[in-house]
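Residue numbers for the sequence shown follow the numbering used here, beginning at 22 and rising by one.
For each residue, glycine too, the CB sits at the ideal point set by N, CA and C.
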Amino acid sequence: MTTQQRALGIIGLEIGLPPREFPPPQPESVFNPATFDFPIIIETAAGALEERVIPGDASLEPAYIAAARRLVERGAVAITGDCGFSIRYQAAVAASVEVPVAMSSLLLAPTLLRQLPADAKLAVVAADSRHCGKELLGIDSSAEARVVIGGIEGDAWPAGVVEMESEVAACVARLGAAHPGIAALLFECTLFPMVTSAIRRRTGLPIYDAATLYRMTFASVA
22 MTTQQRALGI IGLEIGLPPR EFPPPQPESV FNPATFDFPI IIETAAGALE ERVIPGDASL
82 EPAYIAAARR LVERGAVAIT GDCGFSIRYQ AAVAASVEVP VAMSSLLLAP TLLRQLPADA
142 KLAVVAADSR HCGKELLGID SSAEARVVIG GIEGDAWPAG VVEMESEVAA CVARLGAAHP
202 GIAALLFECT LFPMVTSAIR RRTGLPIYDA ATLYRMTFAS VA
């Protein structure tokens with residue numbers, strides 16, 4: 022190993038910056054070391070552009086596996102993913118390393134449904150609901166009617182956190198109007214934790230996101 026630091030490893034998307042360089046961290050971002058009380062380390066999966074990861078390009082599996090192995094070499098004791106749609110690489114990555122792997126907050130869906138009353142609904146809010154089918158959630162067919170999915174897909178991605186909060190809030194409002202009985206929210210996108218607190222204040226609902234998953238996963242091996 023190149024470091025003995027016990028850390029949570031994140032497999033990142035390609036965002037057009039040199040290896041291991043990332044934009045300035047934003048408050049509550051999962052890529053901001055100040056968000057967590059444990060270290061994080063990041064390795065980019067080569068070729069993992071969002072336009073390939075969101076629809077689930079299977080040819081990226083080797084790149085995800087390679088990134089996971091680099092993270093373990095650097096001291097990662099658990100591994101997660103940047104982008105909830107990387108759940109499609111969960112099985113491949115988990116089979117390639119000997120540390121816990123939790124690639125997406127969508128893995129929480131079956132547990133959350135069991136936490137709620139039998140007639141309550143779980144709303145999944147995604148970056149792009151067109152690619153977020155219920156088959157990604159690992160839920161029983163009998164529970165599918167209790168899950169509703171919405172997204173903030175559109176012509177342009179939100180320009181900043183304020184705009185993101187507005188779009189996520191609007192999506193939640195649309196889902197609530199169309200589907201009475203929503204009792205909790207599950208955020209797919211790893212950027213949404215930056216607005217989780219604000220949306221929780223607006224709605225009063227329990228919200229689970231990538232930061233929830235990261236903390237739980239690291240706590241299991243801390």
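Alpha-carbon to alpha-carbon, residue j and residue i
i    : j    : result
S162 : L196 : 21 Å
A14  : V122 : Any property of residue 14 remains undetermined from this structure, which presents the chain solely from 22 to 243.
A141 : E165 : 12 Å
A87  : C153 : 25 Å
P83  : A198 : 42 Å
F106 : G202 : 26 Å
I170 : E72  : 20 Å
A115 : A194 : 36 Å
Q26  : E94  : 11 Å
E64  : C210 : 18 Å
P214 : S125 : 13 Å
E49  : T233 : 12 Å
V216 : A177 : 18 Å
G96  : H200 : 44 Å
G175 : I228 : 23 Å
L226 : A79  : 35 Å
I220 : E188 : 11 Å
E223 : E186 : What sits at residue 223 in the sequence shown is Arg, not Glu. Distance between the alpha carbons of R223 and E186: 10 Å.
A191 : V146 : 11 Å
R167 : L158 : 12 Å
Y110 : I32  : 11 Å
R135 : L143 : 10 Å
L81  : D103 : 14 Å
T24  : A89  : Here T24 scores only 46 on pLDDT, less than 50, and its place in the model should not be relied on; the value that follows carries that caveat. Rounded to the nearest angstrom, the two C-alpha atoms are 15 Å apart.
Residue i, buried or exposed, once every other Cβ within 10 Å from all chains shown has been counted against 16
i    : result
I36  : exposed
T132 : exposed
S117 : buried
D58  : exposed
V242 : exposed
R98  : It should be noted that the sequence gives Val, not Arg, for residue 98. Buried: at least 16 other Cβ atoms inside 10 Å.
A112 : exposed
A148 : buried
G181 : exposed
Residue range of the unbroken alpha helix (DSSP H) whose run includes residue i
i    : result
G33  : Here G33 belongs to no alpha helix (DSSP H); instead the beta strand (DSSP E) covers 28–33.
G197 : 182–199
F57  : Counting along the chain, F57 falls outside any alpha helix (DSSP H), and DSSP gives it neither H nor E.
L177 : Here the sequence assigns Ala to residue 177, which means Leu is not the residue at that position. Premise fails: A177 is in no alpha helix (DSSP H) and is neither H nor E.
A232 : 231–240
A219 : 214–224
Element boundaries [beta strand (DSSP E), containing residue i]
i    : result
I203 : 203–208
Next item on the list: Taking only runs that begin and end inside the region 110–174, name each unbroken beta strand (DSSP E) of 3 or more residues, in chain order.
Entry: Unbroken beta strand (DSSP E) stretches of 3 residues or longer found wholly inside the region 110–174: 142–147, 168–172, given in chain order.
Notebook entry, point to check: In the region 65–104, which residue ranges form an unbroken beta strand (DSSP E) of at least 3 residues, counting only runs that do not cross its ends?
Noted result: Fully enclosed beta strand (DSSP E) runs of no fewer than 3 residues occupy 97–102 of the region 65–104, in order along the chain.
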